[in-house]
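Visitor:
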Amino acid sequence: MIPEDLYRRIREVLPIPCVDVAIVHRRRLLLLRRSRPPLLGEFWLPGGRLRRGEALEAAAIRKAREEASLEIRLVAQLGTFSTVFDDRHTVNVTWLAEPVADEPVVTLDRDHDEFAWHDLADPLGDEYLERIARLLRE
234 MIPEDLYRRI REVLPIPCVD VAIVHRRRLL LLRRSRPPLL GEFWLPGGRL
284 RRGEALEAAA IRKAREEASL EIRLVAQLGT FSTVFDDRHT VNVTWLAEPV
334 ADEPVVTLDR DHDEFAWHDL ADPLGDEYLE RIARLLRE
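Here the working numbering is used: the first residue of the sequence shown is 234, the next is one more, and so on.
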């Protein structure tokens, strides 16, 4: 793992490659509320940094397992997007996935404190999430 002080310096000057996973079950999108920065208190997709040497698909599967304890099946790559937060810029390869289980049971990691299965027909209130939802509605 990279030391935190070095990672903080890198974040100041370079975009960080990440994956996001749009997990859809019965026309509902899984959102996790973050209990740590960035986006403290906001609902967001499971996802995070890509590890050195890690395939994009493997990273998406790992993040769903780590953050929500879900086994998923990747359906398609939705696209590559850029998000800029107060302290970082990320380039997100975003995947559409579905849970393997017929009745998925979400168990959150320490970085999240709540989850919701959000109806795709309802507004999400964030430009990036709305863009993903539009793609999922098509």
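For each residue, glycine too, the CB sits at the ideal point set by N, CA and C. This one's a predicted model, so the numbers in the text were calculated from it and none came from an experiment.
Following the continuous alpha helix (DSSP H) through residue 304, name the residue where it begins and the one where it ends.
Guide: Taking the first residue of the sequence shown as position 1, residue 304 is located at position 71. Neither: residue 304 is in no alpha helix (DSSP H) and is coded neither H nor E.
Visitor: Just to confirm, is the Cβ distance from residue 254 to residue 350 under 8 Å?
Guide: Along the sequence shown, read from residue 1 onward, the residue named residue 254 stands at position 21. Along the sequence shown, read from residue 1 onward, the residue named residue 350 stands at position 117. Taking 8 Å as the Cβ cut-off, residue 254 and residue 350 do not qualify as a contacting pair.
Visitor: Can you list, in chain order, the residues of its chain with a C-beta nearer than 7 Å to that of residue 297? Leave out the 5 residues immediately preceding and following it.
Guide: Sequence index remark: in the sequence shown, residue 297 carries index 64 (1-based). Once the five neighbours on either side are set aside, the close Cβ partners of residue 297 are 254, 256, 279, 303, 305, 330.
Visitor: Under the DSSP definition of a beta bridge, which residues are partnered with residue 315?
Guide: By 1-based counting over the sequence shown, the position of residue 315 is 82. In the DSSP assignment, residue 315 is bridged to 324.
Visitor: Only counting the same chain, and skipping five residues up and downstream in sequence, which positions put a Cβ closer than 8 Å to that of residue 287?
Guide: As a working mapping, residue 287 is identified with position 54 in the sequence shown. Once the five neighbours on either side are set aside, the close Cβ partners of residue 287 are 295.
Visitor: Given 7 Å as the limit, tell me if residue 316 has its C-beta closer than that to any heavy atom belonging to the ligand GDP.
Guide: Because no ligand of any kind appears in the structure shown, any question about the ligand GDP cannot be addressed here.
Visitor: Could you pull the DSSP bridge partners for residue 371 from this structure?
Guide: Along the sequence shown, read from residue 1 onward, the residue named residue 371 stands at position 138. The partner list for residue 371 (beta bridge, DSSP) is empty, contrary to what the question assumes.
Visitor: Could you tell me whether the region 267 to 281 touches the region 329 to 344, using the rule of 3 or more Cβ pairs below 8 Å?
Guide: yes
Visitor: Going by Cα to Cα distance, which pick from 262, 281, 358 is closest to residue 249?
Guide: If you number the sequence shown from 1, residue 249 lands on position 16. For the residues 262, 281, 358, the minimum Cα distance to residue 249 belongs to 281.
Visitor: Take residue 290 and list the residues in its own chain whose beta-carbon comes closer than 7 Å to its own, dropping the five residues that flank it on each side.
Guide: Along the sequence shown, one-based indexing puts residue 290 at 57. So the list reads 307, once near-sequence residues are dropped.
Visitor: Mind reading off the beta-carbon distance from residue 252 to residue 273? Whole number of angstroms is fine, and I expect it under 8 Å.
Guide: Your numbering for residue 252 matches position 19 in the sequence shown. Your numbering for residue 273 matches position 40 in the sequence shown. Incorrect: roughly 21 Å between the Cβ atoms, too far for contact.
Visitor: So, under 8 Å CB-CB, residue 353 and residue 261 are touching, yes? Tell me the CB distance rounded to an integer number of Å.
Guide: Walking along the sequence shown from the start, residue 353 turns up at place 120. Walking along the sequence shown from the start, residue 261 turns up at place 28. Right, the Cβ-Cβ distance comes to about 7 Å (below 8 Å), so this counts as a contact.
Visitor: Please state the DSSP three-state secondary structure of residue 249.
Guide: Taking the first residue of the sequence shown as 1, we reach residue 249 at position 16. In the structure shown, residue 249 sits in a strand (DSSP, three-state: E or B).
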